[in-house]
Amino acid sequence: MTVTLPGPTLGVVGGGQLGRMLAEAAAPLGVEVVVLDPTPDCPAATVARDQVEGDFDDPQSVRDLAARVDALTFEIELADPDLLEEVQDEYDVPVHPSPDTLRTIQDKLVQKRTLGDADISIPEFHRVDDADDLRAAVEEFGSVMLKARTGGYDGRGNVPVTSLDEVEEALEYIGHAPAMAERFVDFVREVSVIGVKGRDEVRAFPLGENVHEEEILRETVVPARTSDAVTERARDVAHDVLEQLDGRGVYGIELFEAPDGEILVNEIAPRPHNSGHWTIEGALTSQFEQHARAVLGWPLGATDLRAPTVSANVLGDVESAQPAELHGVDGVLAADGVSLHWYGKREVRPLRKMGHITAVGDPDGLAGDGSVDPSTAVDDLLESARDHVDSLTFDR
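Per my numbering, the very first residue in the sequence shown carries number 15; after that it's consecutive.
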């Protein structure tokens, strides 16, 4: 296709931090963004062209959005794939990734079965409809992670079950929702690949290593502190996953590195992902620009790493909800090689993602000439990023 500017208008179901950063990345391309979100003056509203205020699955709101744009995408899995399929036909507006891909990924059980049927390595799992199903899984696997099939994120909807005595409490925790039980994986580290499917090309960003605490992503370290063989294997698995998914766009592919070097797929996100935020400063093209390019069918950008990079989430450090006011910003802004991203949320809650920082190191750390060891470079960056995040507080 031939690209001309000004570009088309992109509609996004969801106006949270991902929609905000997508709008920021689309603007230099000459692409205007209109978001749909139920929150008045949502985080993306200050940078997007406009906001349609309404629920993600409200038929009239989605139609209002479709009528105003040239292409549709989503930044949240709560979008309704059936409704997106309808407006795609009614308004002749392409939707990417495809509604069918969203339908598959929304349900963790369907997602896992799809991967298993394609002979992609995944943890063993069982469907859980009631307490007997969960007991059977615990008896077979010993310890499991119980996951609600839909709606869970940042650890919500997930609960470990290590004995039969915990079965009833675990089911109560997830509201007795339809679920699956996954065998605990004794992994060395969690890694992720941000993959991109374009019109006729597929690309992947360098492997990132993810550090979690309380089931919430805290930092992503790039390059991942693992072997070349594991890195190559992870990229191969990610490409296998992308072959099973229909539609253009960015996909966040979370993986486990097992002690024997085997790579198991944990979960997939059909959108830009928290573990790819480092790409804004750390890669030649950010995941958000790539998503806009891909959805519109434009040529993809380069995914090369500029330098060792660490991103670290800024989380709510309060005990209860309160108006958001971040303190300690001056010190972060004064630090060389450190960038701050504010998500524009007006209320801070315990462990709520409010922003992130990115620390970019010396490009010589990637040179491989012996002057700087990459693992040492990212270790130092990780320590620095943690110090900067610790200096920020919402606590009054």
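Positions of the beta carbon are idealized from the N, C-alpha and C atoms, including for glycine.
| query | Thinking C-alpha only, which one of 324, 207, 181, 309 is nearest residue 233? | reply | For the residues 324, 207, 181, 309, the minimum Cα distance to residue 233 belongs to 324.
| request: Tell me residue 264's beta-bridge partners as DSSP assigns them. | output: Its beta-bridge partners are 210.
| query | Under 9 Å between the Cβ atoms of residue 340 and residue 358? | reply | Taking 9 Å as the cut-off, the beta carbon of residue 340 is found no closer than this to the beta carbon of residue 358.
| From residue 170 to residue 186, what does the alpha carbon distance come to, in whole angstroms? | Cα atoms of residue 170 and residue 186: separation of roughly 13 Å, rounded to the nearest angstrom.
| message | So, at 7 Å on beta carbons, what are the nonlocal neighbours of residue 222 in its own chain, with the 5 sequence-adjacent residues on each side left out? | response | Answer for residue 222: 205, 206, 234, 235, 236, 238, 289, 292, listed in chain order.
| At what residue ranges does the segment 274-312 contain a whole run of the alpha helix (DSSP H), taking only runs of 4 or more? | Assignment of alpha helix (DSSP H) within the segment 274-312, counting only whole runs of 4 or more residues, yields 293-296, 301-310 in chain order.
| If you follow the beta strand (DSSP E) that residue 188 is part of, which residue opens it and which one closes it? | Element bounds for residue 188: n/a, residue is neither H nor E.
| task | Excluding the 5 residues preceding and the 5 following residue 411 in the sequence, name in chain order all residues of the same chain whose CB lies nearer than 7 Å to its CB. | result | Residue 411 falls outside the range modelled here, since the chain spans only 15 to 410, and no answer is possible.
| message | Out of 326, 336, 99, 241, which one is the CA nearest neighbour of residue 227? | response | Selected option, being the one with the closest Cα: 326.
| Assigned exposure category for residue 360 - 16 Cβ within 10 Å defines buried | Result: exposed.
| On the premise that residue 86 lies in contact with residue 107, defined as a C-beta separation below 8 Å, what is that separation, rounded to the nearest angstrom? | Contact flag correct, Cβ pair sits at about 5 Å.
| request: Taking only the alpha-carbon atoms, compute the straight-line gap between residue 409 and residue 328 and give it to the nearest angstrom. | output: Roughly 13 Å separates the two Cα atoms.
| said: Strictly by DSSP, which residues pair up with residue 371? | reply: Its beta-bridge partners are 326, 354.
| Among 164, 165, 193, which has the Cα closest to the Cα of residue 175? | Looking from the CA of residue 175, the closest CA among 164, 165, 193 belongs to 193.
| said: With a threshold of 8 Å on Cβ separation, who are the neighbours of residue 189 within its own chain once the five nearest residues in sequence on each side are excluded? | reply: If the five residues before and after residue 189 are omitted, its C-beta is found closer than 8 Å to the C-beta atoms of 162, all from its own chain and listed in chain order.
| query | Does the pairing of the segment 276-286 with the segment 128-137 give three or more beta-carbon distances under 8 Å? | reply | A contact exists between the segment 276-286 and the segment 128-137.
| Cβ shell of residue 35 (< 6 Å), same chain only, five flanking positions each side left out | Sequence-distant Cβ neighbours of residue 35 in its own chain, meaning closer than 6 Å and more than five residues away, are 302.
| Under the rule that 16 or more other beta-carbon atoms within 10 Å means buried, what is residue 402, buried or exposed? | Under this definition residue 402 is a buried residue.
| field | Between the CA atoms of residue 81 and residue 51 - distance to the nearest angstrom | value | Taking the Cα positions, residue 51 is about 16 Å away from residue 81.
| query | What residues in its chain sit with their C-beta under 7 Å from that of residue 41, if we drop five residues either side in the sequence? | reply | Nothing listed; no residue qualifies.
| query | How long is the line joining the alpha carbons of residue 313 and residue 342, rounded to whole angstroms? | reply | Spanning the two alpha carbons is a distance of roughly 40 Å.
| Secondary structure at residue 45, three-state DSSP: helix, strand or coil? | For residue 45, the three-state secondary structure derived from DSSP is coil.
| Can you tell me whether DSSP reads residue 15 as helix, strand or coil? | The answer is coil: DSSP assigns residue 15 none of H, G, I, E or B.
| query | Looking only at C-alpha atoms, which of 404, 322, 375 sits nearest to residue 346? | reply | Residue 404 is the option with its Cα nearest to residue 346.
| query | Does DSSP classify residue 155 as helix, strand or coil? | reply | The three-state secondary structure of residue 155, taken from DSSP, is helix.
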